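Chains as they are written, first to last, in the numbering used here: chain A, 32 to 393; chain B, 80 to 206. Note that CB positions come from ideal geometry on N, CA and C, so glycine has one too. Values in this document were obtained by computation on a predicted structure and should not be read as measured data.
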């Protein structure tokens, strides 16, 4: 038996097919993964993502500490109530994990870690605390819900909760706000507008039921995976890990090399990599033929060089198969992917495959 | 629990077979489609292909996984369900009907490995 989120019994009662994900029994879908995908693109869905780990970084040294252990620069967040995506790197400049950090106040930052890497992340983070005046507080008392899709604001407004209504109409993308027992961030992993809600465990079942009653349809991790792939978001452990640098993972935009005087773990390795020339890139593939792209398929290029898919699936919004692939640097437009010993033609594109908030920006 | 069509034969790898004279129609079971989830692609055998019991005959792919379909019988492929090229979800909706995969003209005896509905059901209960 795997670990369970507080909502486990609720998912089972709602008919979820449960699967193991990072040691947790999590909902894969509640009937149809594809319908749940469309629900989020066209209307609004709700996900239980409480397997992810919330860590509060508290203390006067929090800012300096995070500027040292994160590759992105938290000083890009000019105001409290902001959020930033970052990689955490090792000395070799490869990726320990990717995360979101929230700036709550000058002595309080909140980090959300991937479930599968949280244990090693925390060990790594503890190792580097000693010179800084701060404490790391793992918040297993909190649950996380994601409400995503074009109807999210309308459905949340209809709840008639003054704090929720005020917050969702005030905060922009990558901003956050909190009250005593509800933290709201305008972030997500679907490519749609929406919010992530962090609440005490004791409140989460009631909130989930309230949100479902308001019209959010429960969606599983299956739809979450196809939504994030279409949106061009990497999945840690598949698209990048401790064997890959962010520079060959389509994540160079998250590496803050300026200001030059800021030192962070992995910086010297990344500078050396840039100086020698980055040799690989993570690109998007759209399969021209029929068939389904999956991870770890061979990618053949016209010049004889090769690469490999890292994530692949059927893309319900496009009705085609898409993938990420790590291939040599170069201006490639086409490739062939080997699916069950047969070569299939694919187009090379720059993700996202589906633009952000696509239904409102057709 | 869904009751299995009693007139069909089954395999331990979750194919079903409908025998009519010297023709076998083959598909995947309700149990198999439910494990796979939403099907999005089907790779069917070519017509006239000769199949022996246990040969890779087709591939069905759901959003999350690809699964091989093995031939439950010996024979030659005489028809494939081309409706599945545009509507693989027929397998989810009607696994024993409109979601059939291919037909084989039988050669020789039926293999002893084919299960009755009762035996297949007993096998599922043990899983």
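Exercise for review: Kindly indicate which three-state DSSP category residue 365 of chain A falls into: helix, strand or coil?
Suggested key: Counting from 1 along the first chain, the entry for residue 365 of chain A is found at position 334. Correct three-state label for residue 365 of chain A: strand.
Check your understanding: Residues bridged to residue 377 of chain A by DSSP?
Key -> Stepping through the first chain from its first residue, residue 377 of chain A is reached at position 346. Answer by DSSP bridge pairing, in chain order: A/318, A/366.
**Study point:** Separation of residue 178 of chain A from residue 219 of chain A, as counted between CA atoms
**Key:** Residue numbering aside, residue 219 of chain A sits at position 188 when the first chain is read from its first letter. Residue numbering aside, residue 178 of chain A sits at position 147 when the first chain is read from its first letter. Distance between the alpha carbons of residue 219 of chain A and residue 178 of chain A is about 8 angstroms.
Point to revise | Below-7 angstroms beta-carbon distance, residue 326 of chain A vs any chain B residue | key: On the first chain, residue 326 of chain A is found 295 positions in, with the first residue counted as 1. For residue 326 of chain A, the answer is no, since every Cβ of chain B falls outside 7 angstroms of its Cβ.
Exercise for review: Could you tell me which uninterrupted beta strand (DSSP E) segments, each at least 3 residues in length, are contained entirely in the stretch 52-127 of chain A, listed from first to last along the chain?
Suggested key: 55-60, 76-79, 84-89, 113-120
Check your understanding: Using the C-alpha atoms, what's the distance from residue 95 of chain B back to residue 88 of chain B?
Key -> If you number the second chain from 1, residue 88 of chain B lands on position 9. If you number the second chain from 1, residue 95 of chain B lands on position 16. One C-alpha to the other measures close to 6 angstroms.
Practice item. Scan the stretch 307-327 of chain A for residues whose Cβ lies nearer than 9 angstroms to a Cβ of chain B and list them as they occur along the chain. Key: 321, 322, 323, 325
Exercise for review: Residues of the stretch 251-270 of chain A with a CB closer than 7 angstroms to any CB of chain B: list them in chain order, please.
Suggested key: 253, 257
Check your understanding: Which residues of chain B have a Cβ atom closer than 9 angstroms to the Cβ of residue 64 of chain A, listed in chain order?
Key -> As a working note, residue 64 of chain A is residue 33 in the first chain. Residues of chain B passing the Cβ test: 116, 117, 141, 142, 143.
Review point. Taking contact to mean at least 3 C-beta pairs separated by less than 8 angstroms, is the stretch 160-169 of chain B in contact with the stretch 362-372 of chain A?
Key: no
Exercise for review: Would you mind listing the beta strand (DSSP E) stretches within the stretch 187-231 of chain A that are 3+ residues and don't spill past its ends, in chain order?
Suggested key: 207-209, 214-216, 225-231
**Study point:** Three CB pairs or more closer than 8 angstroms across the stretch 164-180 of chain A and the stretch 220-228 of chain A
**Key:** yes
Check your understanding: Taking C-alpha atoms, which residue in A/333, A/329, A/379 lies nearest to residue 353 of chain A?
Key -> The residue labelled residue 353 of chain A in the question sits at position 322 within the first chain. Of the candidates A/333, A/329, A/379, the one whose C-alpha sits nearest the C-alpha of residue 353 of chain A is A/379.
Exercise for review: In angstroms with no decimal places, state the Cα-to-Cα distance between residue 229 of chain A and residue 346 of chain A.
Suggested key: Here the question's residue 229 of chain A lines up with position 198 in the first chain. Here the question's residue 346 of chain A lines up with position 315 in the first chain. One C-alpha to the other measures close to 29 angstroms.
Check your understanding: Nearest chain A C-beta to residue 181 of chain B closer than 7 angstroms, yes or no?
Key -> The residue labelled residue 181 of chain B in the question sits at position 102 within the second chain. Not closer than 7 angstroms to any Cβ of chain A, the Cβ of residue 181 of chain B fails to qualify, so no.
Point to revise | Cβ neighbours of residue 145 of chain B in the same chain (closer than 7 angstroms, five flanking residues each side left out) | key: Working through the second chain from its first residue, we reach residue 145 of chain B at position 66. Closer than 7 angstroms at Cβ, skipping near neighbours: 138.
Check your understanding: Which one of B/133, B/200, B/120 has the shortest CA to CA distance from residue 191 of chain B?
Key -> Counted from its first residue, the second chain places residue 191 of chain B at position 112. With distances taken between Cα atoms, residue 191 of chain B lies closest to B/133.
Check your understanding: Given a threshold of 16 other Cβ atoms within 10 Å of its Cβ, counted over all protein chains shown, does residue 161 of chain A qualify as buried or as exposed?
Key -> As a working mapping, residue 161 of chain A is identified with position 130 in the first chain. Its Cβ having fewer than 16 others within 10 Å, residue 161 of chain A is exposed.
Exercise for review: Find the nearest neighbour of residue 247 of chain A within the set A/69, A/343, A/89, A/155, judged by alpha-carbon distance.
Suggested key: For the purposes of this step, residue 247 of chain A is identified with residue 216 of the first chain, where counting begins at 1. Cα-wise, what sits closest to residue 247 of chain A is A/69.
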